[in-house]
Structure formats: C-alpha cells, structure tokens
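Chains as they are written, first to last, in the numbering used here: chain X, 11 to 252; chain U, 2 to 311.
Just below is one structure, and these are the notes that go with it.
Structure, rendered in structure tokens:
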C-alpha cells in the first residue's frame with residue numbers, strides 16, 4: 011500500500027512531470043508510438059477488412075494468418091527484428107502494427123459479416139451500387155464492432171508500447187524497467203499506474219466516439235440473430251437505451 | 002454397462018494426482034541420501050545450473066569430470082538466480098553449482114566491497130561459512146562487465162584502458178543496461194576520471210541491439226559481458242579495467258560444505274585451472290552455433306580436448 015501512496019505522490023509532484031525523462035516526455039512518446047502504430051495498422055486493416063467483409067473473399071486465409079499473428083510474442087519479435095535492423099523506431103512500430111492489425115481486422119470483417127444479408131440484398135435491390143452498399147449500409151451498420159476492434163487494438167498497443175523502454179526509445183515503460191533494475195518498486199508502480207490511466211483514458215475517448223458516430227437504431231435489423239455475440243447484445247441494449 | 006459415478010470419478014482424479022506426485026518425487030528428488038544437506042554418500046552429487054547457456058555448459062564440465070572419476074552425478078538445469086540456488090544448495094536440492102566470484106560474494110554478503118579477484122577470493126570463505134557453503138578455486142575465465150569499443154574507434158583514439166576514455170568523455174555515448182548507470186557512473190568518474198558522458202539505456206544485456214548501435218556508432222562504448230561471442234566475431238576491443246572497478250566475475254564452483262573432500266577439491270581445481278576466458282568465449286560460440294549442440298556435447302568436447310576425458 012505504501013508503494014502505491016508513494017507512487018501517487020511521485021505522479022502528483024509537478025517536478026517529476028517536466029524535463030528529460032519526466033512523466034510528460036515519456037507520456038508523449040508513449041502516445042506518439044501508439045498513435046503512429048495505430049494509424050499504420052488502420053491503413054492496412056481498414057481496406058483489407060472492408061474488402062473481406064464486403065466480398066467474403068479470402069476470409070479463411072486472413073483469419074488463419076491474423077490468428078497466427080496474435081500468437082507471436084511481441085517482445086521476442088522486436089528483438090528478432092532488431093537483429094536485422096539495429097535499434098530504432100521502426101522495429102518497434104513494426105511489431106506494434108503486427109499486434110494491432112488482427113483485432114482491428116477482426117472487428118471490421120465481423121462487423122460487416124454480422125449484418126443481416128436481407129438488409130444488404132434489399133439495398134442492392136433498390137439499385138445501390140456496391141460502393142454505396144459498403145459506405146451507406148455496411149459500414150454504418152457494422153460500426154459498433156468496427157470501433158470495438160479498434161478499441162481492443164489500441165488497448166493492446168498502449169499496454170505493449172512499454173517495450174519501447176527496453177530498446178532505448180523511452181516511453182512509460184522506462185518507469186517499469188528503471189524501477190525493476192534499480193529495485194525502486196515505487197517507480198515501477200508509477201509506470202503501471204500511468205499506463206493503466208492512459209489506457210482507460212484513451213478507451214474512454216473511443217467509447218465516446220463510438221456513441222457519437224454509431225447511428226441511432228443501428229442495432230435494429232443489423233445482425234442475424236444466430237450470429238450475435240454477447241458484445242453485440244450488450245451494444246444493442248445500450249444503443250436502445252440511449 | 003459401466004457407469005461412471007461422480008464419486009468414482011473423483012477417486013480416479015485423486016489417484017491420478019497421487020501417481021503424478023509420486024512420479025515427480027522419484028524423478029525430481031535430486032538427493033537420494035537425505036534432506037538435511039548432510040549426505041551419507043559424498044560421491045553422489047546433483048549439479049545445478051543457473052538457466053543460461055554458459056552456466057549449463059559449466060555445470061556439464063564439472064559434472065562430467067566428476068562422473069568420469071566415479072561420482073554419481075545428476076543435473077538440475079535452470080535453477081535460477083542466486084536467491085534461488087543458495088537455499089537450494091543449503092537444503093540439498095542441489096549440491097554444487099558453477100557461479101561467478103564477484104556476484105557470489107555480493108550475494109552472500111551484501112555489504113562486501115571487494116572488486117579485485119584476490120580480494121574477492123580472500124573474502125569468500127568468511128562470507129560463505131555461515132551459509133555452510135564453500136567455494137573452490139576460481140578459474141581464470143571471467144564473465145564480467147566490460148567496456149568495449151570498435152577496433153576503429155580504439156585505433157583512432159589510441160584506447161587501451163578505460164582511463165583513456167576520460168579526455169573524450171564529452172563526445173561519448175555509453176550504451177548499457179539501465180542499472181549500469183546507477184551502479185557504475187560514480188565509480189567511473191572517481192576511479193578513471195571518465196565522467197559527463199551520455200548514457201543510453203539498452204536493456205538487452207549487451208545483446209544484438211547494443212551491438213548494432215555500437216557498430217553503427219550511435220554509441221561509442223558498450224557494456225558487453227566478457228564472454229559474449231560478439232566481441233570476438235566483431236574484433237571489438239575490450240578496454241582494460243586496470244584499476245579493478247568492475248568486480249571480477251571468475252567462474253567458481255560453489256558447493257555445500259558437507260561435500261568438500263580433498264579428492265573432489267583437487268579434481269575440480271584442476272579443471273578450473275585450465276579454463277580461460279577465451280575458452281568460455283569459444284564454448285559460448287559453439288553453443289550458439291547453427292547446429293545447436295547441447296551443453297553436454299559442448300562440455301564434452303572441451304574436456305576431451307584438455308585431456309580430462311578419453
């Protein structure tokens with residue numbers, strides 16, 4: 011308990027926020043690594059996921075590949091990449107992208123897949139082009155799951171970006187590493203608290219975004235009853251209430 | 002027909018558990034001769050290792066020599082760090098383990114300050130005695146912190162010792178594990194006048210990240226352990242620690258005092274006497290080689306070469 015109190019005091023002390031290796035700088039770096047990795051992950055996963063979700067093509071291959079990618083140990087992978095590239099920003103970003111793409115991709119194609127085929131057929135019957143079906147029917151209806159995937163990917167990246175500290179890139183992981191190396195466990199808790207707080211804050215922001223961008227009434231008729239997940243049901247209840 | 006009642010299933014599970022734990026006992030009990038650390042039979046030993054390749058090889062080197070001389074040897078690889086293996090030596094789970102002189106001393110006596118090999122060897126018996134442990138003679142082979150530079154950087158700046166870095170301090174970035182800075186920055190300043198350098202924390206224990214940064218001149222000095230194969234592979238120059246700042250980490254077998262006999266001491270000391278840092282480098286390199294030989298194979302090769310095995 012003492013450790014936690016000391017850690018909170020450390021965080022509350024403005025002197026620890028500024029300067030090189032201060033909380034501010036490390037938080038900023040951590041956010042930058044997260045943002046950059048998520049941006050690249052979205053660039054890859056969005057088109058791919060929408061294509062798979064819309065056409066149903068290549069679904070099995072992509073599911074197999076991304077499920078396998080989820081099993082890669084990120085820390086091992088970053089050390090492996092460094093063997094070839096040397097230290098630098100890109101090995102870190104690469105492994106974080108590898109980490110983030112599977113959940114985002116899964117969110118997108120399952121979001122599109124969960125839509126009742128009858129709705130899409132109806133859209134097609136009214137004369138909508140494939141592009142219109144995608145942008146006006148599938149994406150809006152799939153949004154809850156799509157954003158859910160992005161949220162889950164972001165959380166994983168925030169938590170895992172702590173490995174930047176091992177490879178001379180700073181970030182909030184430094185508090186964890188320094189605390190362990192110097193047996194200053196208060197510092198380790200500082201790192202843990204900050205990472206948790208950052209993850210909760212960003213997830214909160216994304217939850218609000220989700221509320222704002224998902225059109226009202228999306229849950230109605232969006233999903234085939236047989237394919238609903240617990241998460242969708244929860245979302246449906248919450249949108250209905252809201 | 003056969004019905005499977007809940008009670009019977011539970012009994013089956015319990016029985017399975019018993020069998021499993023019995024099996025674990027029979028294979029896992031490393032000391033057939035008693036639990037107290039006072040053996041009936043000093044010719045049956047369990048040799049531990051610390052869970053990294055070099056330690057496994059050293060355990061095999063000492064173990065195979067003993068086995069060839071009529072001892073009954075068991076191995077318990079990957080015991081872990083000093084916090085784990087010192088109690089294990091005391092309670093008889095293992096009887097002997099290869100360790101490193103400086104760290105062994107600091108583990109046994111946290112207040113110890115000795116850094117040169119002679120001082121460490123002089124301090125060890127008193128530090129180990131209360132633990133009922135004994136250290137045999139240290140080998141010449143040492144696996145300690147070492148400041149290394151590229152051959153080009155050494156030639157351009159005429160570097161041979163750590164002290165030679167002092168005039169260059171301002172332009173140097175030193176890469177090492179996080180704890181290096183807290184542990185050694187003051188000592189480097191007071192012992193060698195090497196101060197004011199930039200520090201870059203690269204937490205891979207002198208591994209590929211540190212090496213690539215050194216070769217790319219992002220850091221000019223790196224802390225790489227003396228038996229790391231990359232030193233030899235890249236012709237890196239190890240700066241001489243002529244004032245003994247870094248603790249000597251010579252290989253030293255440590256064992257439960259109850260097992261110390263003249264015969265065993267003489268046998269293992271004769272092995273340690275042959276073991277040099279270059280040998281350790283070679284052994285590590287072999288073990289990291291493409292064909293991934295086992296620690297036992299690597300150890301056997303060295304022992305045969307040195308004439309300890311036929």
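Where a beta carbon is used, it is the ideal one built from N, C-alpha and C, also for glycine.
Quick caveat, the model's predicted, so the values are computed rather than measured.
Start and end of the beta strand (DSSP E) containing residue i?
i                      : result
residue 181 of chain U : First-last for residue 181 of chain U: 179–193, but that is the alpha helix (DSSP H), not the beta strand (DSSP E).
residue 104 of chain U : No beta strand (DSSP E) contains residue 104 of chain U, which is instead part of the alpha helix (DSSP H) from 102–109.
residue 33 of chain X  : Premise fails: residue 33 of chain X lies in the alpha helix (DSSP H), 33–65, not in any beta strand (DSSP E).
residue 49 of chain U  : 45–49
residue 202 of chain U : 199–202
Can you give me the Cβ contacts of residue i inside the same chain, cut-off strictly under 6 angstroms, excluding the 5 residues immediately before and after it?
i                      : result
residue 307 of chain U : 275
residue 229 of chain U : 207
residue 273 of chain U : 138, 140
residue 260 of chain U : 43, 96
residue 248 of chain U : 103, 116
Go ahead and pull the three-state DSSP assignment for residue i.
i                      : result
residue 272 of chain U : helix
residue 77 of chain U  : strand
residue 222 of chain U : strand
residue 114 of chain U : coil
residue 139 of chain U : coil
residue 70 of chain X  : helix
residue 240 of chain U : coil
residue 148 of chain U : strand
residue 98 of chain U  : strand
residue 175 of chain U : strand
residue 162 of chain U : strand
residue 257 of chain U : strand
residue 134 of chain U : strand
residue 93 of chain U  : coil
residue 196 of chain U : coil
residue 116 of chain X : helix
residue 213 of chain U : helix
residue 328 of chain U : Chain U is shown only over 2 to 311; residue 328 of chain U falls outside these bounds and no answer can be derived.
residue 225 of chain X : coil
residue 169 of chain X : helix
residue 263 of chain U : helix
residue 120 of chain U : helix
residue 72 of chain U  : coil
residue 137 of chain X : coil
residue 1 of chain U   : The structure shown does not extend to residue 1 of chain U, since chain U is modelled only from 2 to 311, so the question has no answer here.
residue 309 of chain U : coil
residue 194 of chain X : coil
residue 227 of chain U : coil
residue 246 of chain U : coil
residue 156 of chain U : helix
Since residue i contacts residue j with CB under 8 angstroms, what's their CB separation in whole angstroms?
i                      : j                      : result
residue 109 of chain U : residue 129 of chain U : 5 angstroms
residue 153 of chain X : residue 223 of chain X : 6 angstroms
residue 195 of chain U : residue 182 of chain U : Between residue 182 of chain U and residue 195 of chain U the Cβ distance is about 13 angstroms, and since that is not below 8 angstroms, they are no contact.
residue 1 of chain U   : residue 220 of chain U : The shown model of chain U, from 2 to 311, leaves out residue 1 of chain U, and the question about it has no answer.
residue 48 of chain X  : residue 167 of chain X : 6 angstroms
residue 278 of chain U : residue 142 of chain U : 5 angstroms
residue 140 of chain X : residue 63 of chain X  : The Cβ separation is near 12 angstroms, so there is no contact.
residue 58 of chain U  : residue 300 of chain U : 5 angstroms
residue 225 of chain U : residue 147 of chain U : 6 angstroms
residue 171 of chain X : residue 65 of chain X  : Actually they do not touch by this definition, with Cβ atoms about 34 angstroms apart.
Give me, in chain order, the residues of the same chain whose beta-carbon lies closer than 7 angstroms to that of residue i; leave out the 5 immediate sequence neighbours on both sides.
i                      : result
residue 88 of chain X  : 101, 102, 105, 173, 177
residue 169 of chain U : 158
residue 115 of chain U : 106, 121, 124
residue 253 of chain X : An answer regarding residue 253 of chain X cannot be provided, because it is not within the stretch 11 to 252 covered by chain X.
residue 205 of chain U : 211
residue 68 of chain X  : 62
What residues match up with residue i in a beta bridge as DSSP calls it?
i                      : result
residue 251 of chain U : U/143
Just to confirm my understanding: we take residue i, look at its own chain, exclude 5 residues before and 5 after, and list those with CB closer than 8 angstroms. What are they?
i                      : result
residue 63 of chain U  : 48, 97, 99, 254, 269, 272
residue 41 of chain X  : 208
residue 134 of chain U : 87, 90, 91, 109, 255, 256, 257, 258
residue 310 of chain U : 65, 66, 69, 301, 304
residue 280 of chain U : 142, 303
Over the uninterrupted alpha helix (DSSP H) stretch that includes residue i, give me the two end residues.
i                      : result
residue 146 of chain X : Neither: residue 146 of chain X is in no alpha helix (DSSP H) and is coded neither H nor E.
residue 176 of chain X : No alpha helix (DSSP H) holds residue 176 of chain X; DSSP gives it neither H nor E.
residue 93 of chain X  : 84–95
residue 26 of chain X  : That residue, residue 26 of chain X, is in no alpha helix (DSSP H); it is neither H nor E in DSSP.
residue 56 of chain U  : 54–69
residue 231 of chain U : 230–234
residue 98 of chain X  : Here residue 98 of chain X belongs to no alpha helix (DSSP H), and DSSP marks it neither H nor E.
residue 288 of chain U : 278–288
residue 205 of chain U : Premise fails: residue 205 of chain U is in no alpha helix (DSSP H) and is neither H nor E.
residue 184 of chain X : 183–191
residue 297 of chain U : 296–306
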